[in-house]
Amino acid sequence: MKFTCLSKGGGFHFPPCHMLSVSGFRILLDCPLDLSSLAIFSPVPIALEAHESLDTDSVVRKKQKIEKTLDANDLVFAEPWYKTVKSLHLWDASFIDVILISSPMGMLGLPFLTRTKDFSAKIYVTEAAARIGQLMMEDLVSMHMELRQFYGPEDSAFLQWMRWEGLEVLPSELKKIILGTDCEELGAWMPLYSAVDVKDCMRKVQTLKYAEEACYNGTLVIKAFSSGLEIGTCNWTINGPKRNIAYISSSIFVSTRAMDFNFLGLQGNDLIIFSDFSTLDTTENMENDNTYCDPVTSSNASDDLYNLEEIAASLLKDDESMEEMEKLAFICTCAFDSVRAGGSVLVPIDRLGIVLCLLEQMSLLLESSSLKVPIYIISSVAEELLAFTNIIPEWLCKQRQEKLFSGEPLFAHVKLIKERKIHVFPAVHSVELLTNWQEPCVVFCPHWSLRLGPVVHLLRYWCSDPNSLLILESGDDANLALLPFKPMAMKVLQCSFLSGISLQKVQPLLKALQPKLLLTVSEGFEVQDPNFRSKHDYSLL
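Structural data, given as structure tokens:
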């Protein structure tokens with residue numbers, strides 16, 4: 001067996017990516033895009049004069065080695081390129097045998113691989129994640145094409161900002177995003193795939209249900225089990241002739257929308273690859289501590305007193321989900337205060353489950369008041385995505401499934417759309433939206449990077465309104481994301497949501513799973529043929 005960590009990821013929107021070689025087969029675990037890197041680009045063209053002066057100022061700063069405060073004119077004025085996993089482009093795609101996708105976010109980079117010559121890998125993903133991921137890719141292509149209308153086609157395949165002369169004059173903050181800490185990530189940037197590439201990619205995908213077996217080449221038995229993070233997300237088990245391996249991606253134990261974490265399906269494996277560092281504040285300390293250890297032999301004797309049923313009960317407590325619901329209630333209260341003051345609310349959050357819960361809670365809060373405030377959802381795939389969420393009870397938590405048997409819709413947006421309390425439109429410039437538009441209002445729209453989609457137009461429109469509210473997910477550089485829209489009078493609320501297993505629940509989880517060996521990894525970590533004995537059978541790349 002050989003394991004290589006290509007990227008430790010960067011939270012919910014940029015999951016980790018690994019390469020695993022087992023029984024002679026090479027398996028790629030997830031294929032995401034780093035969409036936070038879009039922050040280096042200007043969302044809309046700025047006057048040409050500003051960029052001409054920028055070039056002059058940049059040359060002067062380069063000669064004098066002066067680093068000035070970053071402003072909107074420093075952003076890259078060009079059609080965006082997209083940053084893939086930094087080392088993935090160095091691998092020959094024809095040598096990859098299997099690709100396992102754990103979440104919709106983990107498949108956004110797939111078309112870059114599937115369009116390459118001689119690609120023949122088998123791609124496994126759950127049915128729900130495949131459909132949601134396809135809609136996300138189609139929406140990304142649609143938003144990109146709209147932005148391209150401003151910039152027009154590029155004259156050169158190798159862009160000016162990617163040339164060394166252009167990189168040298170960029171501020172260090174932008175240069176670090178483009179090149180990476182070790183200046184090795186320039187090759188990871190690519191022009192976005194097309195709608196045709198997305199369709200071709202989806203034709204090569206084999207979808208699975210939870211716990212459904214897929215046999216690859218008569219040697220590997222692959223299964224997906226619910227990770228609880230979002231609708232359709234999963235963890236994987238890979239059973240081979242020599243050892244059984246479980247891969248744990250970003251997970252949460254109890255969800256208010258998706259099916260709960262299935263840890264019973266992960267029990268009894270020889271090796272667990274634990275790749276969920278999305279909520280660990282200690283990640284920085286772990287980056288240089290590339291470790292795999294035996295959680296059974298390293299435990300104390302008193303640990304044996306743990307009963308597996310008690311552990312399972314403790315893991316499935318809904319403390320975290322209740323805390324998240326309280327957080328959503330607070331967001332809705334802040335939104336209500338803004339519309340009551342005459343401002344509007346802009347929500348560019350793309351977590352499907354979070355958006356569905358916010359729609360329910362926000363609608364209830366507005367309905368209980370005397371305010372008649374419309375809720376708009378603007379996206380090229382919104383109508384199809386919302387319809388899809390109401391026909392997938394088998395992918396949802398038990399509370400949602402019970403609604404089906406009582407004759408209720410799985411999510412409240414179905415009823416709210418019929419009552420015309422929620423309005424769905426494909427684009428910000430659609431005639432129906434313009435005729436229906438009224439303020440104050442609440443708008444859900446992409447994209448969370450604040451560089452693509454309807455959010456750019458609406459943020460330009462409301463950024464000078466002190467009564468309006470922008471709701472962002474924390475974790476990304478808000479100062480850089482908001483740079484093109486400054487000065488900002490608009491209020492900004494940053495929220496964090498559950499993205500992985502909390503630190504205090506990691507050890508109980510390992511006791512419940514009882515693996516012979518636990519592998520925790522960071523970027524650039526490689527393990528070759530571990531014998532499940534020594535801590536020294538690994539090397540750093």
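541 is the number that the UniProt record's numbering gives the last residue of the sequence shown; the numbers go up by one with no jumps. Don't be surprised by glycine CBs; every beta carbon is placed ideally from N, CA and C.
Note that the region 96-103 touches the region 118-132; at least 3 beta-carbon pairs, one per stretch, sit closer than 8 Å. Distances from the alpha-carbon of L174 to those of L469, D71, I231, G268 put D71 closest. The C-beta distance from S102 to C5 rounds to 15 Å, too long to meet the 8 Å contact threshold.
Between I248 and L220, the beta carbon gap of about 18 Å keeps them out of contact (Cβ cut-off 8 Å). DSSP places N239 in the strand class (E or B) of the three-state scheme. Under the three-state reduction of DSSP output, K491 falls in the strand class.
Per DSSP, the continuous beta strand (DSSP E) segment holding H423 begins and ends at 422-425.
Straight-line measurement puts the Cα of M488 at about 42 Å from the Cα of D200. Residue range 17-22 is occupied by the beta strand (DSSP E) that includes C17. A distance of 8 Å or more separates the beta carbons of V76 and V456.
With respect to P15, G9 sits close: the two C-beta atoms are nearer than 8 Å.
Ranking V506, A512, Q514 by CA distance to the CA of I252 puts V506 first. Around the beta carbon of R451, a 10 Å sphere encloses 16 or more other beta carbons of the protein chains shown; the residue is thus reported as buried. Rounded to whole angstroms, the gap between the alpha carbons of M325 and P466 is 27 Å. Just measuring C-alpha positions, the residue of N217, R400, S227 sitting nearest R26 is N217. Note on P241: under 16 other CB atoms within 10 angstroms of its CB, so exposed under the neighbour-count rule.
Here the C-alpha atom of I272 lies approximately 11 Å from the C-alpha atom of R243.
CA-CA distance, V196 to R340, rounds to 45 Å. Between G133 and P32 the beta-carbon gap is near 10 Å, outside 8 Å, which marks them as no contact. If one requires a minimum length of 4 residues, the alpha helix (DSSP H) runs lying completely within the region 69-129 are 110-114, in chain order. Distance from P508 to S314 at the Cβ level is roughly 6 Å; contact confirmed, criterion being Cβ atoms closer than 8 Å. For T389, the number of other beta carbons within 10 angstroms of its own is at least 16, and it is reported as buried. Boundaries of the alpha helix (DSSP H) around C201: 195-203. Here the region 250-267 lies against the region 223-230, with 3 or more beta-carbon pairs under 8 Å apart.
Per DSSP, the continuous alpha helix (DSSP H) segment holding I177 begins and ends at 172-179.
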